[in-house]
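Novice: Under the working numbering, think of the first position of the sequence shown as 984, with each following residue one higher.
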Amino acid sequence: MRVRVPLLVAAVLVVLPVLVAACGGGSSAGGGGTTVTMTEFKFDPANLTVKRGQEVVITLQNKGTVVHDWNVQDLGVSSPKVQPGQSATVRFTPQRTGTFKIECLEPGHAEAGMVGQLTVTD
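#1: Below 9 Å between beta carbons: does that hold for Asn-1106 and Leu-1088?
#2: Whole angstroms is fine: what's the gap from Lys-1034's alpha carbon to Pro-1063's?
#3: By how many angstroms is the C-alpha of Leu-1101 removed from the C-alpha of Ile-1085?
#4: Which residues in the same chain as Gly-1081 place their Cβ atom closer than 7 Å to its Cβ, once the five residues preceding and following it in sequence are excluded?
#5: Report the CB separation of Asp-1027 from Val-1019 in whole angstroms; it is logged as a contact under 8 Å.
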């Protein structure tokens, strides 16, 4: 019986951090900003949560082999086209709450899965 308790504790200590990480939603992109990596054909992270009325600063890094961009059309947010190996910064202040689609508007990229969600909370 004494051997089982330490094994159980060790198992919990190994599994618990994995479960906590897996349950995390999107990244928070407020205050200090966040970095979004763009590759074929995804954003990492794809989902972001921000606060209404607070400036959002996103650094976009294109680690892919083709041009990408980052857009939230429902909020009027658009990045410049980012060439492979280059970076760009997007700054905006969302004025309404909700969940909005993020997408790359290069032809065929959103259809290939280069989409995400921006959640704006109070």
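Beta carbons are placed, not taken as given, at the ideal position from N, Cα and C, and that holds for glycine.
Specialist: This is what the structure gives:
#1: Because the chain here runs from 984 to 1105, residue 1106 falls outside it and cannot be looked at.
#2: For the purposes of this step, residue 1034 is taken as the residue at position 51 of the sequence shown. For the purposes of this step, residue 1063 is taken as the residue at position 80 of the sequence shown. Approximately 23 Å between the Cα atoms of the pair.
#3: Residue mapping note: residue 1085 aligns to position 102 of the sequence shown, counting from 1. Residue mapping note: residue 1101 aligns to position 118 of the sequence shown, counting from 1. Those two C-alpha atoms are separated by around 6 Å.
#4: Numbered from its first residue, the sequence shown carries residue 1081 at position 98. Cβ neighbours of Gly-1081 beyond the five flanking positions: Val-1103.
#5: Here residue 1027 refers to the residue found at position 44 of the sequence shown. Here residue 1019 refers to the residue found at position 36 of the sequence shown. At roughly 7 Å, the Cβ-Cβ gap stays under 8 Å, so Asp-1027 and Val-1019 are in contact.
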